[in-house]
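Engineer:
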Amino acid sequence: MKPCAPRRAVLAALCLSSAAQLAAGEFPTANQVRAAFSAIDANRNGILFQAEWDRASFALFRAADRNKDDFIDREELAASTVAPDTFRRADLNSDNRLSITEFAQQRRAIFEICDIDRTDDLSFVEFELLVVMERAGWVDANQNGRIEISELSASLIRAFGALDLDRDGVLTSAEADYMRPEAFKRFDTNRDGKLSREEYVEGYRVEMIGG
Amino acid sequence: MKHSHFATFVSAIALFAASQPMLAAAPKADVRDAAMVAALSAVSPDPLGGRIGLAIASARSVEQGIGRAPVVLGDLDRQAYAVWKASRTLR
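Chains P and H are the protein sequences, given in the same order.
In terms of my numbering, the first sequence has 55 at position 52, counting the first letter as 1, and numbering is strictly consecutive.
In terms of my numbering, the second sequence has 951 at position 81, counting the first letter as 1, and numbering is strictly consecutive.
1. Any idea which residues DSSP pairs P:S199 with across the strands?
2. If you drop the 5 nearest sequence neighbours on each side, which residues of the same chain put their C-beta closer than 8 Å to that of H:A912?
3. From which residue to which residue does the alpha helix (DSSP H) around P:S41 run?
4. Run down chain H in chain order and give the residues with a C-beta less than 7 Å from the C-beta of P:Q35.
5. Establish whether the CB of H:V897 and some CB of chain P are separated by less than 8 Å.
6. Check the C-beta distance from P:L198 over to P:A179 and give it rounded, since I have them as a contact under 8 Å.
7. Kindly list, in the order they appear in chain P, the residues whose Cβ is closer than 7 Å to that of H:S928.
8. Does the structure place the region 915-930 of chain H close enough to the region 81-101 of chain P that three or more beta carbon pairs sit under 8 Å?
9. Measuring alpha carbon to alpha carbon, tell me which of P:F61, P:A62, P:D94 ends up nearest P:R77.
10. What residues in the region 52-63 of chain P have a beta carbon less than 8 Å from any beta carbon of chain H?
11. What did DSSP end up calling P:D94 once you bin it into helix, strand or coil?
12. Name the chain H residues that come within less than 9 Å of P:M182, Cβ to Cβ?
13. Could you check whether the Cβ of H:V907 sits closer than 8 Å to any Cβ belonging to chain P?
14. Rounded to a whole number of angstroms, what is the C-alpha to C-alpha distance between P:N46 and P:A54?
15. What are the boundary residues of the beta strand (DSSP E) that includes P:R100?
16. Mind pulling the chain H residues with CB within less than 8 Å of P:E137?
17. If we define contact as Cβ-Cβ less than 8 Å, is P:A179 a contact residue for chain H?
18. State the Cα-Cα distance for the pair P:R100 and P:D124, rounded to the nearest angstrom.
19. What are the residues that DSSP puts in a beta bridge with P:F52?
20. Mark H:G920 as exposed unless 16 or more other C-beta atoms lie within 10 angstroms of its C-beta, in which case mark it buried.
21. Less than 8 Å between CB atoms is the rule here; does P:D169 satisfy it with respect to chain H?
22. Ignore the nearest five residues each way along the sequence and tell me which others in P:E129's own chain have a CB closer than 7 Å to its CB.
23. Where H:I922 and P:A112 are concerned, what is the direct C-alpha to C-alpha distance, given to the nearest angstrom?
24. Look up H:I922 in the DSSP assignment and say whether it is helix, strand or coil.
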């Protein structure tokens, strides 16, 4: 057995546990979101540029491409956390494997969708919303493949529904554990320690487009 | 002749010295990449984007089916990836 095999096994276990977490609809913690953002933000300026995003995409592709043939094939797909349905659709030339070009195009489309304010970069808030909407989906009312500012409220209402696990119409800090604590406090305008749907939507709306 | 040997020796030393940061940088880059992949996998287990990614890919495959999306893709990403990967495999 190669020396790196145990490390790969641990990494695979971590990935599988992450996949199980996604399947259960659970959200990451605020610290995990912050850590992921910082990992991509190579120049530490608090903004993710396309080049930084592309480098992260390359690292993700390389990690999934276990036999290092520059493709993610069926076998690698089975051992990875790539969603099979998305794989089939992202495989544009239908050769049953994803090239770096197909993978990078898909990743770049994700970046563009989440660049809600169209500044060609991702702020931390946009990245945070990406994490939420990867699980909850988003409302693409005009079917243009982008999150328009006008669609943001509907998308946030959908996210709120996914987060409100006990269906009591408010989010506790535990249910919105992915959020920065300071944002939770800021959104909680009536200071009751919970976020109503209106507070949640309005809080993000103000962060994205200002008061 | 003696001068030529000296120049070669100096060049070899300079080349050796210059290569050290590159050789040292590759494993560091690998470590950083592994940490980045682990951090990203914790928040986005599906690198193709979860529900957002599925919607994107579905829309694109529909466009391709009706001839609105290009089937033949450029190789700029492949070239960029090759350059990026080479910076990780200098050992």
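Where a beta carbon is used, it is the ideal one built from N, C-alpha and C, also for glycine.
These figures come from a predicted structure and were not determined experimentally.
Structural biologist: Walking through what the data contain:
1. Your numbering for residue 199 of chain P matches position 196 in the first sequence. Beta-bridge pairing links P:S199 to P:V173.
2. Taking the first residue of the second sequence as position 1, residue 912 of chain H is located at position 42. Taken in chain order, the list of residues that qualify is empty.
3. Residue numbering aside, residue 41 of chain P sits at position 38 when the first sequence is read from its first letter. Segment 33-43, the alpha helix (DSSP H) holding P:S41.
4. Along the first sequence, read from residue 1 onward, the residue named residue 35 of chain P stands at position 32. Here the neighbours are A912, V913.
5. Locating residue 897 of chain H in the second sequence gives position 27, counting from the first residue. Per the sequence presented here, residue 897 of chain H reads as Pro, with Val not at that position. No, its Cβ sits nowhere closer than 8 Å to a Cβ of chain P.
6. Working through the first sequence from its first residue, we reach residue 198 of chain P at position 195. Working through the first sequence from its first residue, we reach residue 179 of chain P at position 176. Rounded, the Cβ-Cβ distance is 6 Å, consistent with contact.
7. Residue 928 of chain H sits at position 58 when you count from the first residue of the second sequence. For H:S928, the chain P residues whose Cβ falls inside 7 Å of its Cβ are R92, in order along the chain.
8. Yes, since at least three Cβ pairs between the region 81-101 of chain P and the region 915-930 of chain H fall closer than 8 Å, the two stretches touch.
9. For this step, residue 77 of chain P is matched to residue 74 along the first sequence. That would be P:D94, whose Cα lies nearest to the Cα of P:R77.
10. Cβ contacts with chain H come from D57, R58, A59, S60, F61, A62, L63.
11. Residue 94 of chain P sits at position 91 when you count from the first residue of the first sequence. Note: P:D94 maps to coil in three-state DSSP.
12. Looking up residue 182 of chain P in the first sequence gives position 179. Residues of chain H passing the Cβ test: none, with the nearest at roughly 13 Å.
13. Residue mapping note: residue 907 of chain H aligns to position 37 of the second sequence, counting from 1. Closer than 8 Å to some Cβ of chain P, the Cβ of H:V907 qualifies, so yes.
14. As a working mapping, residue 46 of chain P is identified with position 43 in the first sequence. As a working mapping, residue 54 of chain P is identified with position 51 in the first sequence. Put simply, the backbone Cα of P:N46 is about 11 Å away from that of P:A54.
15. In the first sequence, the residue the question calls residue 100 of chain P occupies position 97. Start and end: 100-102.
16. In the first sequence, the residue the question calls residue 137 of chain P occupies position 134. Under the 8 Å cutoff, chain H gives S914, D916, G919, G920, R921, I922, G923.
17. Position 176 of the first sequence, counted from the start, is the residue given in the question as residue 179 of chain P. For P:A179, the answer is no, since every Cβ of chain H falls outside 8 Å of its Cβ.
18. Locating residue 100 of chain P in the first sequence gives position 97, counting from the first residue. Locating residue 124 of chain P in the first sequence gives position 121, counting from the first residue. Approximately 29 Å between the Cα atoms of the pair.
19. For the purposes of this step, residue 52 of chain P is identified with residue 49 of the first sequence, where counting begins at 1. For P:F52, which the question treats as bridged, DSSP gives the partners P:D124.
20. By one-based count along the second sequence, residue 920 of chain H stands at place 50. Buried: at least 16 other Cβ atoms inside 10 Å.
21. Taking the first sequence and counting its residues from 1, the one referred to as residue 169 of chain P is at position 166. Not closer than 8 Å to any Cβ of chain H, the Cβ of P:D169 fails to qualify, so no.
22. Taking the first residue of the first sequence as 1, we reach residue 129 of chain P at position 126. Only C117, D118, I119 meet the Cβ criterion.
23. Position 52 of the second sequence holds residue 922 of chain H. Position 109 of the first sequence holds residue 112 of chain P. Distance between the alpha carbons of H:I922 and P:A112: 9 Å.
24. Along the second sequence, one-based indexing puts residue 922 of chain H at 52. Of the three classes helix, strand and coil, the one that applies to H:I922 here is helix, per DSSP.
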